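Chains as they are written, first to last, in my numbering: chain A, 1032 to 1218; chain B, 1032 to 1218; chain C, 1032 to 1218; chain D, 1032 to 1218. I have placed the structure first, in the form of structure tokens, so that the comments after it can refer back to it.
Protein chains: 4
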Amino acid sequence: MPFRRKLKRGPQVVLPKDAALILAYSGIAPGSKVVDAGAGSGFLATFLGTYLKPGKVYTYENDERFLQIVKDNIRACGLEDVVVLREADVTKGIKEKNVDLVTLDLKDAKKAVKHAHKALVDGGMIVVYSPTVEHLMGVIKELKKYKFTELKTVENIVREWKTDLTTRPETMGLMHTGFLTFAKKIK
Amino acid sequence: MPFRRKLKRGPQVVLPKDAALILAYSGIAPGSKVVDAGAGSGFLATFLGTYLKPGKVYTYENDERFLQIVKDNIRACGLEDVVVLREADVTKGIKEKNVDLVTLDLKDAKKAVKHAHKALVDGGMIVVYSPTVEHLMGVIKELKKYKFTELKTVENIVREWKTDLTTRPETMGLMHTGFLTFAKKIK
Amino acid sequence: MPFRRKLKRGPQVVLPKDAALILAYSGIAPGSKVVDAGAGSGFLATFLGTYLKPGKVYTYENDERFLQIVKDNIRACGLEDVVVLREADVTKGIKEKNVDLVTLDLKDAKKAVKHAHKALVDGGMIVVYSPTVEHLMGVIKELKKYKFTELKTVENIVREWKTDLTTRPETMGLMHTGFLTFAKKIK
Amino acid sequence: MPFRRKLKRGPQVVLPKDAALILAYSGIAPGSKVVDAGAGSGFLATFLGTYLKPGKVYTYENDERFLQIVKDNIRACGLEDVVVLREADVTKGIKEKNVDLVTLDLKDAKKAVKHAHKALVDGGMIVVYSPTVEHLMGVIKELKKYKFTELKTVENIVREWKTDLTTRPETMGLMHTGFLTFAKKIK
């Protein structure tokens, strides 16, 4: 069963199309060590946890409304040994070291960039999800300040087609979720 | 290291953006059993193999020019225990049973649909990659004939942005790779 | 006042974005002679008529439900001297000769291609609006049969952005109206 | 003959797809009075001039390298009575009054917004072409400052399809030209 069917819904989550691109472009694999913030409902943390097992995902969340949902979703996915919930504010610091990937999906993502830089292994990657261009610009500025390299920003548009009686794109569809920015900590 | 950097290049491959969507939308996970055809250079087989371990990927290829590339790439990824190369024509039959996912990326994909149907577990998924609408139409017709359900066809467009001095989409970019069709074997 | 505000609504119409592309890509100008079918509510005919004045637009319609709407819209736009309503089935024939442009937006567009070919001046253009790929394929086949040249098929996607508090694309939007095919009668 | 074939090439021009959208969304018609800046090679001025005749287009340009090209193109289109070249810097002021539409395609577009506001008739429209988001943001801020209403920003993506042997979108294509912002002077 697709693991996401097991999830309880909470705050707006990164969609599967974007989570998948994070997985594919970051090149992480089983055994990788990931820091994820904010957890939200835990979708991205459990998605990555599923494929990184026996690695670890440390997912930060300091909004008390979401903590129980995250815990429930980690358990529903059977990932208690893989996904660790950190009830903390990622903009105040990251405890982990030698991290392969940091994923940031929070309003103040730019304030977490310096902590991500410190936590990452040389050559490790950061991925930031930006709903708006203003968010994106703030993040890019910080990434450049900390000399991240290979910056790549993309939009991921999945366009649905109808194939019932005739073949044509759907009239209406999802035009935007967020901008995804990938960057590498210089070695 | 992103595993795809290890790969030898051969015939045109499914791109990471499309492979990622196949992973995310099919919902397969570690332990899943997959049949993949044609192997091409083995990109999709090794991508899926990386994340399905300790599951199995049986990848079919009958073009002799590609066989050595596939073998080399399986070894380069250290997936000898996960990805099995079948030197056979998938349109003639699939040996495996109780398969969770069949992925088809070949000219005659429609001729493999009936074999996929037989090989799949109830509730298992098929994903077909169609470079053209004619290919897509042929596939849809076969999927309907074998009563596959939950047909979903999408295009996946990744649009790159520039963020060097100013912020704007790249002028030129990749507009099309293929149509991805997902369907489920009825329970 | 934008002339389209004057129009009575009837059947689904070609949208301004598509009408504009027809104008720009066909290169017609004041004085041009156009045949348009089917009239629908008369949007495309009056749009083109506005800019082709003192040319002529002959707009064919044989669905009796729409005739009064077309007449009302021609009058509302003050184009009685420019847009002529032909209460006839364009798939049965086109009376006009030496036409600069034929625009087809009807289910049986492919059946009108031969009449368009006869009506067009050497070097004249045809534009066909196809809601589905099946429609498009039927039209392309006919265009090739009558040796039309410079075939060009496009989708025109207008993506709206929000700029109220932050800057970002609209979440949902119009993903598809139709395929526009442009072709030229060989000289 | 499509009038744009007559044009001499100079600096980068607004493409037909974008010029067409400006025509259709601004709702201008024969007799309208337009101010256009900067002229560049005169493409947009002559495009609009063609369809606004017997109206007027006043096109501003202060880059001496382009003046002769604009003059040549106005003459090549036979629009000497319609398109008037103003050898002046639009950011310093606009002489015309009661203008129906102001189109801005220049680096310092935001500095021309106040002059556009003064030149426009009540209910008149402004359209600004922004190659980057930074440009767009500067323009939006000025438009709000001068209380323009009905702000609408769009991207216009024309995606080409191949229909030779099979039917499929072109692999590579034009992903971005500019953002078009439309706004109305409050009545």
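Just so you know, even glycine gets a beta-carbon here, dropped at the ideal spot from N, CA and C. None of the values given here were measured: they were computed from a predicted structure.
Here Asp1195 of chain B carries a coil assignment [DSSP, helix/strand/coil]. For Ser1161 of chain D, the enclosing beta strand (DSSP E) begins and ends at 1151 to 1161. At a cut-off of 8 Å between beta carbons, Met1156 of chain B makes no contact with chain D.
Per DSSP, Val1101 of chain A is one residue of the alpha helix (DSSP H) stretching across 1095 to 1107. The beta-carbon distance between Gly1073 of chain D and Val1101 of chain D, rounded to whole angstroms, is 4 Å. This is short enough to meet the 8 Å contact definition.
Rounded to whole angstroms, Thr1077 of chain D and Cys1108 of chain D show a C-alpha spacing of 7 Å.
Residue range 1210 to 1215 is occupied by the beta strand (DSSP E) that includes Phe1213 of chain B. In this structure Arg1117 of chain A touches Tyr1089 of chain A by the C-beta definition: roughly 5 Å separates them, less than 8 Å. The beta-carbon distance between His1207 of chain D and Glu1201 of chain B, rounded to whole angstroms, is 7 Å. This is short enough to meet the 8 Å contact definition.
Rounded to the nearest angstrom, the Cβ distance from Arg1199 of chain A to Thr1163 of chain C is 4 Å, consistent with a contact under 8 Å.
In terms of CA proximity to Asp1195 of chain B, A:Glu1181 leads the group A:Glu1181, A:Ile1217, A:Ile1053, A:Leu1196. Sequence-distant partners of Lys1142 of chain C (beyond 5 residues in either direction) whose C-beta falls short of 6 Å from its own C-beta, in its chain, are Thr1122. Taking 8 Å as the cut-off between beta carbons, the residues of the stretch 1148 to 1173 of chain D near chain C are Val1164, Leu1167, Met1168, Ile1171, in sequence order. Three or more beta-carbon pairs separated by less than 8 Å are not found between the stretch 1134 to 1148 of chain D and the stretch 1165 to 1174 of chain B, which leaves the two stretches without contact.
Secondary structure of Ile1053 of chain C (DSSP, three-state): helix.
For Glu1181 of chain D, the nearest beta carbon of chain C is not closer than 8 Å to its own beta carbon.
Of the candidates D:Leu1211, D:Leu1205, D:Val1170, the residue whose Cα lies closest to the Cα of Lys1183 of chain D is D:Leu1211.
It is roughly 15 Å from the alpha-carbon of Arg1106 of chain C to the alpha-carbon of Lys1084 of chain C.
Where Lys1176 of chain C is concerned, the enclosing alpha helix (DSSP H) starts and stops at 1164 to 1176.
Contact of Pro1200 of chain A with chain C by beta-carbon distance below 7 Å involves Met1206, His1207.
Remark: fewer than three beta-carbon pairs, one from each stretch, lie closer than 8 Å, so the stretch 1046 to 1064 of chain B and the stretch 1045 to 1063 of chain D are not flagged as touching.
Judged by DSSP in its simplified three-state form, Lys1084 of chain A adopts coil rather than helix or strand. In summary, the residues of the stretch 1055 to 1077 of chain D whose CB is separated from some CB of chain C by less than 9 Å are Ala1055, Tyr1056, Ser1057, Gly1058, Ile1059, Ala1060, Pro1061, in the order they occur in the chain.
Selection A:Pro1047, A:Val1185, A:Leu1151 evaluated against Ile1125 of chain A yields A:Leu1151 as nearest (Cα-Cα).
Between Lys1216 of chain D and Asp1153 of chain D, the C-beta gap is smaller than 8 Å, which places the two residues in contact.
In this structure, the CA atom of Asn1104 of chain A is about 12 Å from the CA atom of Val1113 of chain A. Any Cβ of chain A closer than 8 Å to the Cβ of Glu1111 of chain B would place that residue at the interface, and such an atom is absent. Per DSSP, reduced to three states, the secondary structure at Pro1061 of chain A is coil, with no helix or strand assignment. Contacts with chain C at 8 Å (Cβ-Cβ) include Arg1190 of chain A.
The beta carbon of Leu1052 of chain D sits closer than 8 Å to some beta carbon of chain C. Contact between Glu1092 of chain C and Ala1070 of chain C holds, with the beta-carbon distance rounding to 4 Å and staying under 8 Å. Taking the C-beta atoms as reference points, Leu1132 of chain C is found nearer than 8 Å to Val1158 of chain C.
Under the DSSP definition of a beta bridge, Val1044 of chain B lacks any partner.
DSSP places Val1114 of chain D in the uninterrupted beta strand (DSSP E) bounded by 1114 to 1117. Of B:Ile1188, B:Thr1134, B:Leu1205, B:Lys1193, the smallest CA-CA separation from Ala1214 of chain B is found for B:Thr1134. Residues of chain A whose Cβ lies closer than 7 Å to the Cβ of Thr1197 of chain C are, in chain order, Thr1163, Glu1165.
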